[in-house]
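Numbering (our numbering), first residue to last: 8 to 853.
Note sheet for the following structure.
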């Protein structure tokens, strides 16, 4: 009987990996993804082969693997076996099936493919409000468990909504949840409710690109929605898979982190706490806590799991911080009611000491601490009982304070509710102060565990948060920056609890986000600048000190013939920064955040851009050249009718293209460079949803073709050059071949540049390492950083020279007459170029 309903799903799988959190993981866990086409991954009119259907299963698998969990997806169906990155494709996602059909077959599927965990998302087909067919599925799971003596935990989804909103879907989900919680309480079923409807954060807008909505059609998520489902599954699976994260025998756990008031979720079972006159929320020892003031109180409705027998083992623990001691016996947690001769409570007595009271129909004991609790201080209180020996103990801050051996004859069964913050039968028993992290266990916790809970709690960790770990920074800082360009360094550190970040020393204007560790700074001058950063949590700090060498942004080299930054936020023209050949589009890709400023998102459907033939990229068989860009491709490949290769840039008439290899086989998901029969396929995968820097070049002197990915040489292939002259345009995001509907790119393109020479390795490394925000180079004459040379640059320069205005983005960009100085003659030179057709800026420097 497990429910983690208070855990929130995170929006990005990169967030979900919880760096530094440790806990003993279960041995191999078999997981059955069970459901309909939403589990399988299909949309209306979708003709992708089965090998590319991944749904939520691939991102979930990748997240589980990244965390180091030993899992095996099981089922009689296979879908997604050709997807990149590879994952376990086994599942029971039956397209078009109803919950009744699943119920009729689940027993046999489990017999053939035993599972420890089932992820159940069912009810979309044949939708009605009744939970009966889902109950039938659970009955069949119970039958299998009984026949095979094999426990199974079923994670039941509140199924996703449809477009437009369906009230029946919400009613169905409410009914399924009520049914499931009743089974947990009455039948001891191992069920976990997972809120996919609202908790996954899905945007219920149909958008095949995934940029503004998360639905591909009115029933199925798109490539942006499925990872959100995976994140929600992962958030609920993780505590289950972290065996040893929670103490063995924990039965109820109220973290009391709900800032918005009741219900206060039982994060380990279903006994949520409620109130009518409710406490406030305040800072706790772990997260938030409840602040009791006056006659407020909280109750947990009675259930059988609170009925300890005379021989039961149990433990009670919580954190408290009194604001006052009022001279009365006050309750922190307890159970007693009229008509019941049984009672137990953990609280504070009239002397201000911790007190544990236990009585049945015939016996009573009271254990009292040796210390008085000081108002304003946090204390961890716990009571344990070993039913077989009768040993009952009271602990404060992990230390034993009182102990006795007592025998009870009648046990502690009652119909009363459990109360927090007061004692039900004692006048004036309302506690004044904070209560946090309340837990009940059906075992007698050893002293070592209680001491561990105390030390972890003062460090901000809950009972199930794993072992404490001090902060350790593991990222390498960037030591190079440019005047006028944003310097960014994403500091990452392990640790439990998660570290916070700070700036101990750094140049003026540098800042760091305390939660994410992202440091930003825009240098205004050249020089060497020391920086010292710290990552800290309650168990230790780690510092990192380094220097940033800031120089002027390099000028664009003469062999750079075209540079499309793709920074336009709208419009159908993409400016060529160094040439005059702008890219144009009719079905234009969407502007999205790029590696540097903005980029272009191609939708794999009909987005395209072209660059007209101006003769500059008609490279002959002996000519060196380089093609450079940043790209980001979503998981997997897909085409309109089949998984076609996806062209990032190409030229049909010249017989070459560069793009993503999507054909079946071991090379799917790699970068492919095809040059008139010469095939260069990368070793690295580029379909992982991350940014990748790509340089493809021809070195005629060495007689080879070279491909660099992320600053490193990936492939070098010997071979003769080719004559790449043609009359047709370059194409971006598509290939103007015999079937232009194919070979469409489904990803993001940024910072595209062409060179009429091979790029040196040092430049390739620099462009990759500085790709967090730096352009490849500056455009001479662009002194205001607008990416165009206009009269505003002349005005900017006049203000700098005569009015003390801001300096140019790069001093070399302002020295347009190549005199070595920035003077009024540079202004005159610019005006002559802009209005009179004079020499281009820096032309005389060459």
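All residues carry an ideal CB built from backbone N, CA and C; glycine is no exception.
The structure displayed is predicted, hence computed values, not measured ones.
Asked	Found
Beta bridge counterpart(s) of residue 273 as assigned by DSSP	261
Under the three-state DSSP convention, the category residue 234 falls into	helix
CA-to-CA distance, residue 544 to residue 384, given in whole angstroms	20 angstroms
Cα-Cα separation between residue 238 and residue 141, rounded to whole angstroms	23 angstroms
Close-in-space but distant-in-sequence residues of the same chain around residue 575 (CB under 6 angstroms, 5 per side omitted)	581
Three-state class that DSSP yields for residue 478 in the structure shown	strand
Beta strand (DSSP E) runs wholly inside the segment 167-247, at least 3 long, in chain order	198-202
Proximal residues to residue 845 (C-beta, below 8 angstroms), its chain only, five neighbours per side dropped	836, 839
Neighbourhood of residue 509 by C-beta, 6 angstroms cutoff - its chain only, sequence neighbours within 5 removed	541
Chain-order list of residues whose beta-carbon lies under 7 angstroms from that of residue 687 (same chain, five-residue window excluded)	680, 712, 714, 722, 724
Validate contact between the segment 484-494 and the segment 414-430 using beta carbons, cut 8 angstroms, 3 pairs	no
Identity of the residues DSSP links to residue 517 by a beta bridge	Looking at the DSSP assignment, residue 517 forms no beta bridge with any residue, so it has no partner.
Local Cβ density within 10 Å of residue 709, reported as buried at 16 or more and exposed below that	exposed
Own chain residues within Cβ distance below 8 angstroms of residue 833, not counting five before or after	804, 821, 822, 823, 824, 826
Closest Cα partner of residue 471 within the set 656, 275, 787	275
Rounded C-alpha distance that separates residue 52 from residue 137	30 angstroms
N- and C-terminal bounds of the beta strand (DSSP E) containing residue 507	507-512
Three-state secondary structure (DSSP) of residue 433	coil
Within the segment 105-159, ranges of the alpha helix (DSSP H) (whole runs, at least 4 residues)	106-119, 139-155
Inter-residue spacing [alpha-carbon to alpha-carbon] between residue 590 and residue 755	16 angstroms
Runs of beta strand (DSSP E) lying entirely within the segment 780-838, each at least 3 residues, in chain order	none
Where residue 66 falls: helix, strand or coil (DSSP)	helix
Residue 704 beta carbon less than 8 angstroms from that of residue 661	no
Every unbroken alpha helix (DSSP H) within the segment 568-611, with a cutoff of 4 residues, ordered by chain	none
Within 8 angstroms, strictly: CB atoms of residue 579 and residue 565	no
Distance cut-off 7 angstroms: residue 751 Cβ against heavy atoms of the ligand COA	Looking for the ligand COA in the displayed structure turns up nothing, as the structure carries no ligands at all.
Cβ pair residue 612, residue 751 closer than 8 angstroms	yes
Where residue 636 sits in the DSSP three-state scheme	strand
CA nearest to the CA of residue 74, picked from 115, 149, 241	241
Buried versus exposed call for residue 30 [16 or more other C-beta atoms within 10 Å across all chains shown]	Its pLDDT being 39, under 50, residue 30 is placed unreliably in this model, and the value from its coordinates should be taken loosely. So residue 30 ends up on the buried side.
Cutoff 6 angstroms; reference residue 400; Cβ partners in own chain excluding five residues on either side	391, 407, 410
Assigned exposure category for residue 150 - 16 Cβ within 10 Å defines buried	exposed
7 angstroms CB neighbourhood of residue 683 in its chain, flanking five on each side removed	662, 663, 729
Coarse secondary structure for residue 529, derived from DSSP in three states	coil
Exposure of residue 659, with buried meaning 16 or more beta-carbon neighbours within 10 Å	buried
Other residues of its chain near residue 370: CB distance less than 6 angstroms, five sequence neighbours each side excluded	415
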